[in-house]
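According to the UniProt record's numbering, the sequence shown is numbered sequentially starting from 1.
Below is one structure; the comments refer to it alone.
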Amino acid sequence: MASSYRRPSFVSFGATRPTVNPQGEPGAPYLTKKEKKQSRSEERSLLRDNHLAPPKHQPPPHYSALNRLYRRIFSTKTRKVLVSDDEEAVFAAEIPAFTTEPSETSALLPNDPIESTRTRHERLDRQWEEAVAAGLIKTTWQRESKVLWKYSSPLVVTFLLQYSLTVASIFAVGHIGTVELGAVSLASMTANITGYAVYQGLATSLDTLCSQAYGSGKRHLVGLQLQRMIYFLWALTIPIGLIWFFAESILEKIVPEKRSAELAGLYLRVLILGAPGYACFESGKRFVQAQGLFSATTYVLLIAAPVNAFMNWLCVWKLKLGFIGAPIAVVFTDNLLPILLLLYIYFVDGRQCWNGFTWKAFHNWGPMIKLAIPGLVMVEAEFLAFEILTLAASYFSVSHLAAQSVLSTITAITFQIPFPISIAASTRVANLIGATLSDAAKTSSKVALVAAGIVGILNVTLLSSLRNYIPQLFTNDQVVIDLVAQVLPVCAAFQLFDALAANCNGLLRGLGQQHIGGYVNLFSYYVVAMPISFGTAFGLHWELEGLWSGVAIALGLVAALEAWFLCTTNWEQAVEDAKDRNASG
């Protein structure tokens, strides 16, 4: 599950060598022996994949039919291109000489019979630089599939574990009563719109800044961007905390159920204490993911998730605190998460991109904010659209509000698979762009979209076939169970669009084109989805089915528009844009 795989092939090998014009520069990042060994191993593999170095093992004289079929389908090597004799002569002149094995014309007694380790490493460095400069480094869908699997599999576990922190509270409170279940949904809605979506949306800029800095070899920038983001989010925590503190009086003017508003306000006042820790963890996640340490947050959550479940049981049921026990457990966990991540970085891996605290973190926020604001719009647009549905559901009945809480939770759980894939794809593409390998980035993006389509189809099948059983996990109220089972087919219908839209958003982040996703999300959710949702829910009296129908149409539109943009993107220009961002520091 959680192998400590650091990075995929030919991406972000730590030093400045992956760039087309490598230059020694003051303050070049330090590489550990482990990183140097692994980076060179990956480079050798890539050179072999592109037939620019001899194979690691001599192939047998004959392959069986089954073996040939397996190698044809799953081999990571690029296809050899057949050319004429004249073309071959021209092409051969462009290829760097990558001879590492003795030939028939080699001297029997060479002057240096044993190549030193240092000389071998220098030769490999030179070969890699020449191959990148000559544009000979390509990739295959097989290799990108393996890389995406290694990147995303620990992330899927990570996000499922992280969302279990929320689900644990819903499970604990949902069996207290229908009013409490609706209040948790209302509180979560307010927290998401005014706080968590803000943190997550702004932190998405690190998917571009940290990943491209790491891919270009400027590791000191990775830690610097982390500091800037944490300080930025902490500054925003002040207005967020004020909104949460006075949330009860605000919600009472919006929600018809006063008891639900009162409980939601109580929940949010307690939640203020966990906001700074959550901001740190969201930023820290991007810091380690940019380094290819996708297992770091998995290890953290493997500890935090069981602790959170225990704290919910302890506070809600054992200590008999009831409803108020749920936010207390959340606050404890929100502050535990960054502490555990810091311990991982300090004692296990990730310190190499941290150069210590610096006053530079309080300067040059412009590029970060320029990328962060569109990321915020992109995430907030979707969060707000979904959470408005929760607010609208409260106008039908308490049971409808509780059912909406269950539906939102179910669709959020299914989203925890395609969304991590989108983050892995975003980091992968950003690293490839940072390493000036635009063709490889295009191949990786295609693989990511195919993977998203497969996941979306699986989610459609799962929700459709289990629609009568899933609601029983959340509540014992038969009215709520029937409402959820009635609407789940609509939620199942848009799972494919949801997965594709998430991965298109991730690829846009990897390209540094967050603003495109922001515009598309705003148009799709608010110009298209909201009128349809409210028109069908209240005008045609479809109620919850009507609310979710608009979302389904919006997600299909988001996926189509962003996929069209990706198909027409100039990937070479994205490489130049990444160079400019990294040069600005």
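Just so it is clear, CB atoms sit at the ideal spot from N, CA and C, and this is done for glycine as well.
Does the Cβ-Cβ distance between residue i and residue j come in under 8 Å?
i	j	result
LEU165	THR333	yes
GLY274	VAL330	yes
GLN225	ALA235	no
residue 599	GLY512	Because the chain spans 1 through 585 in this model, residue 599 falls outside it and cannot be assessed.
ALA247	ALA183	no
HIS515	PRO374	yes
ALA361	SER169	no
ALA403	LEU340	no
ASN521	GLN495	no
LEU500	ALA452	yes
ILE421	GLY215	no
ALA537	LEU547	yes
PHE281	CYS210	no
LEU337	ALA304	yes
VAL393	TYR267	The sequence shown places Ala at residue 393, rather than the Val named in the question. Result no, Cβ atoms of ALA393 and TYR267 do not sit closer than 8 Å.
ILE272	GLY241	yes
TYR278	ALA385	no
LEU540	VAL487	no
ALA448	ALA425	yes
SER533	THR390	no
TYR163	GLN416	yes
SER145	ILE230	no
VAL480	VAL406	yes
SER153	MET368	no
THR178	LEU251	no
GLY556	PHE497	yes
GLY174	PHE474	yes
VAL398	GLU257	yes
GLU562	GLY518	no
Drop a sphere of 10 angstroms on the beta-carbon of residue i, count the other beta-carbons inside from all chains shown, and report buried for 16 or more, exposed for fewer.
i	result
ALA583	exposed
ALA578	buried
GLU576	exposed
VAL300	buried
ASN476	exposed
ASP580	exposed
GLU122	exposed
CYS567	exposed
GLN472	exposed
PRO531	exposed
GLU572	exposed
PRO102	Reliability fails at PRO102, whose pLDDT of 46 lies under 50, so the model's placement of it is uncertain and the value that follows must be treated cautiously. When all chains shown are included, PRO102 counts as exposed.
ILE254	exposed
VAL83	Confidence at VAL83 is low in this model, with a pLDDT of 46, below 50, so the placement of that residue is unreliable and no value is reported for it.
THR411	buried
PHE245	exposed
THR569	buried
LYS285	buried
PRO8	Since pLDDT at PRO8 reaches only 28, below the 50 mark, its modelled position is unreliable, and the value read off the structure follows with that caveat. Buried, because 16 or more other Cβ atoms sit within 10 Å of the Cβ of PRO8.
GLU88	Because the pLDDT of GLU88 is 45, which lies under 50, any placement of that residue in the model is unreliable, and the question is left without a value.
SER249	exposed
THR414	buried
TYR346	exposed
GLY217	buried
GLY510	buried
Write down the C-beta distance between residue i and residue j rounded to the nearest angstrom, noting that I regard them as a contact closer than 8 Å.
i	j	result
VAL455	SER444	With 8 Å as the limit, VAL455 and SER444 do not qualify as a contact, their Cβ atoms being about 16 Å apart.
TRP365	ARG259	Not confirmed; about 43 Å, so no contact.
GLN352	ARG219	6 Å
ALA372	LEU202	4 Å
ALA502	SER464	About 20 Å; that fails the 8 Å criterion.
ASN505	MET378	6 Å
LEU124	ARG44	7 Å
LEU47	ALA172	Wrong, their Cβ atoms sit about 54 Å apart, outside the cutoff.
ILE243	PHE383	The Cβ separation is near 15 Å, so there is no contact.
Closer than 7 Å to a non-hydrogen atom of the ligand ADP - does that hold for the CB of residue i?
i	result
ARG228	For the ligand ADP, the structure offers nothing, since it holds no ligand at all.
For a cutoff of 8 Å on Cβ pairs, would you count residue i as touching chain B?
i	result
PHE332	Considering every chain present, this structure includes no chain B. It has just one protein chain.
For the 8 Å Cβ check, are there 3 or more pairs between the stretch 197-216 and the stretch 319-330?
no
Are at least three pairs of beta-carbons, each pair with one atom in the stretch 545-553 and one in the stretch 430-450, less than 8 Å apart?
no
Flag this pair as touching only if the stretch 288-299 and the stretch 314-323 have three or more C-beta atom pairs under 8 Å; answer yes or no.
no
At a cut of 8 Å, does the stretch 152-164 reach the stretch 413-420 through at least three beta carbon pairs?
yes
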